[in-house]
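J.:
Numbering (my numbering), first residue to last: 4 to 507.
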């Protein structure tokens, strides 16, 4: 028996790309919500849809636990759930219907429901949680379960229907001191099942040290935390890491913050806490090139076990970075990349094509940057307009009937761009193949049967894709270069490539 059954709307099985990769992480925000409810004295259970086969499994979970409340509470720390995928909306609607048919009260806390409150309420949800959700959910459940006498309209961060009108209460203030929050309810997640999914030779777990992002990239949606940025203390983070290693022995950690180590001096203190705890582990995180350079965080990252830093590079064209209001420069991306690689830290680039005004010359600038800096990994998407962003307002009147990607492999351009949508699908294949070929040929990637096969396939398929790319161009006579770039040297002190960028 449980008073509240928590779940979420992301099913690995329904995401083609992620199912193939098969590296799932437990729903961290959902586990935080569970721990806060427990701390408030509420009995909770979890239906973890990540590894489920269909929404119908929720029926058995409801029968098993007989909850009064079903809360669909998405993992706001996972980039996949921030994308408001169409398949997740379908899942949420089906789960709402199942829960209502079972006589449960349904609360929903997702990025998509925050953008489409009325639609979710019309589908049967009783309450939509807006903003940071744990304490809103706790107060809501206390009211539903008769533990408090307050009315729903006195609960901040809530939306519901009353007399056929949609009611929105006052915005919920974020938790400023994140150390006040209990550790996620890790015992509710079937960690062994997650471990079995990982077929890459290691097992990674997720942890978060911050909430929010203060930067103003005009395409980035912030439906949960807005531009507020709050941080946990390094001591609390290391205490949770120590628990995870004792209890589950992961091989690797993903710090899933929007920006890792933004607070001045945090990374240095984190490094000291890691040393004092005697922890030795590998991790990946996300950061910004300007932040890394400003605080000179490279040594602290390397000393604390950082294996990979993903940078939101987005574009190699300064014009496009400025249009995005990114607040970074191409030179900063290049210099941060070289500083990281010089210290043996792998670099990943998030790249984005199709932003309004991006010409073929701008595309080539990005390809040139990737070719010259040779990141270890790249992730490619097209510009994706999410509600409540400046970018969405820019293209809103040009959007077609489809306004959300269906799954994470969907890179459809949802508005008329500089080139046809097929151009970007082919560009996606070209950039990945060019990058893989260069890494294999330059020796950055070890020669294995798999890499040799990838090289052969890439060399055979590339000409076809390049011809298709040229045929689909509307403007700009520039052509994509196929030249190969040697990786940056790490020997003989600070490389000339770093010194040159510092003085440029």
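Cβ atoms here follow ideal geometry from the backbone N, Cα and C, with glycine treated the same way.
Taking the alpha carbon of residue 106 as the point to measure from, which residue in 8, 453 and 271 has its own alpha carbon closest?
T.: Residue 8 is the option with its Cα nearest to residue 106.
J.: CA-CA distance, residue 283 and residue 277?
T.: Roughly 8 Å between the two C-alpha positions.
J.: Does the Cβ of residue 85 have 16 or more other Cβ atoms within 10 Å, making it buried, or fewer, making it exposed?
T.: It is buried - the Cβ of residue 85 has at least 16 other Cβ atoms within 10 Å.
J.: CA-CA distance, residue 195 and residue 248?
T.: C-alpha separation (whole angstroms): 14 Å.
J.: When the distance is taken between beta carbons, is residue 318 closer than 8 Å to residue 365?
T.: Yes, the Cβ-Cβ distance between residue 365 and residue 318 is below 8 Å.
J.: Smallest Cα separation from residue 420: which of 356, 258 and 79?
T.: Of 356, 258 and 79, the residue nearest in Cα terms is 356.
J.: Under 6 Å Cβ to Cβ from residue 48, same chain only, skipping five residues before and after it: list those, please.
T.: Here the set comprises 5, 8 and 68.
J.: Smallest Cα separation from residue 28: which of 311, 449 and 53?
T.: Residue 53 is the option with its Cα nearest to residue 28.
J.: Mind listing, in chain order, the continuous beta strand (DSSP E) runs of no fewer than 3 residues lying wholly within the segment 377-426?
T.: Taking only runs of at least 3 residues, the beta strand (DSSP E) segments lying wholly in the segment 377-426 are 380-385.
J.: At the level of alpha carbons, what is the spacing between residue 216 and residue 262?
T.: Going by the C-alpha atoms only, they are around 7 Å apart.
J.: For residue 486, count the other beta carbons within 10 Å of its own beta carbon; 16 or more makes it buried, fewer makes it exposed. Which is it?
T.: Reliability fails at residue 486, whose pLDDT of 39 lies under 50, so the model's placement of it is uncertain and the value that follows must be treated cautiously. The residue is exposed, with fewer than 16 neighbouring Cβ atoms inside 10 Å.
J.: Taking C-beta to C-beta, are residue 80 and residue 55 nearer than 8 Å?
T.: Against a cut-off of 8 Å, the Cβ pair of residue 55 and residue 80 comes out as no contact.
J.: Report, in whole angstroms, the separation of the C-beta atoms of residue 26 and residue 207, which I expect to be a contact under 8 Å.
T.: Right, their Cβ atoms sit about 7 Å apart.
J.: Could you check the C-alpha separation between residue 479 and residue 362 for me, to the nearest Å?
T.: With a pLDDT of only 41 at residue 479, under the threshold of 50, the placement of this residue in the model should not be trusted, and no figure is reported.
J.: Inspect the beta-carbon positions of residue 402 and residue 418 and report whether they are closer than 8 Å.
T.: In this structure, residue 418 lies closer than 8 Å to residue 402 by Cβ.
J.: So what's residue 213 in DSSP terms, helix, strand or just coil?
T.: Three-state DSSP puts residue 213 in a strand.
J.: Can you give the Cα-Cα distance for residue 16 and residue 327, rounded to whole angstroms?
T.: Straight-line Cα distance between these residues: approximately 33 Å.
J.: Buried or exposed: residue 64, going by 16 or more other Cβ atoms within 10 Å of its Cβ?
T.: It counts as buried.
J.: Mapping the DSSP letters down to three states, classify residue 233 as helix, strand or coil.
T.: Three-state DSSP puts residue 233 in a strand.
J.: Any contact of the segment 95-106 with the segment 141-153, i.e. 3+ C-beta pairs under 8 Å?
T.: Too few Cβ pairs lie closer than 8 Å, so no.
J.: What does residue 130 pair with, by DSSP beta-bridge criteria?
T.: DSSP, once it has assigned bridges, lists 110 as partnering residue 130.
J.: Comparing C-alpha positions only, which one of 352, 348 and 346 sits nearest to residue 333?
T.: Ranking the options by Cα distance to residue 333, first place goes to 352.
J.: When the Cα atoms are used, what is the spatial distance from residue 90 to residue 58?
T.: So the alpha carbons of these two residues sit roughly 12 Å apart.
J.: Between 11, 172, 138 and 287, which lies nearest to residue 109 when the distance is taken from Cα to Cα?
T.: When each option's Cα is compared against that of residue 109, the closest is 11.
J.: Compute the distance between the beta-carbons of residue 177 and residue 135, then report whether it is under 8 Å.
T.: A contact, by the Cβ cut-off of 8 Å.
J.: Please report the distance separating the alpha-carbon of residue 32 from that of residue 466.
T.: If you take the alpha carbons of residue 32 and residue 466, they lie about 45 Å apart.
J.: Among 382, 305, 210 and 335, whose alpha-carbon lies nearest the alpha-carbon of residue 354?
T.: When only C-alpha atoms are compared, the closest one is 382.
J.: Within its chain, find whatever has a CB closer than 6 Å to the CB of residue 73; leave out the 5 residues flanking it on each side and keep chain order.
T.: Here the set comprises 8, 102, 107 and 109.
J.: Report the rounded CA-to-CA distance for residue 34 versus residue 474, giving the unit in angstroms.
T.: Near 50 Å, if we compare the C-alpha coordinates of residue 474 and residue 34.
J.: For residue 19 and residue 412, which I take to be in contact (beta-carbon distance under 8 Å), what is that distance rounded to the nearest angstrom?
T.: So it is a contact: roughly 5 Å between Cβ atoms.
J.: Which residues in the same chain have their Cβ closer than 8 Å to the Cβ of residue 46, if we skip the five residues on either side of it in sequence?
T.: Closer than 8 Å at the Cβ level, and outside the excluded window around residue 46, lie 4, 5, 6 and 7.
J.: To the nearest angstrom, report how far apart residue 211 and residue 373 are at their CA atoms.
T.: Residue 211 and residue 373: Cα-Cα distance of roughly 29 Å.
J.: According to DSSP, is residue 22 helix, strand or coil?
T.: Three-state DSSP puts residue 22 in a helix.
J.: Can you tell me whether residue 68 is helix, strand or coil according to DSSP?
T.: If DSSP states are grouped into helix, strand and coil, residue 68 belongs with the helices.
J.: Looking at the unbroken beta strand (DSSP E) that takes in residue 168, where does it start and where does it end?
T.: Segment 168-171, the beta strand (DSSP E) holding residue 168.
J.: Is the separation between the beta-carbon of residue 265 and that of residue 304 shorter than 8 Å?
T.: Not closer than 8 Å, so no.
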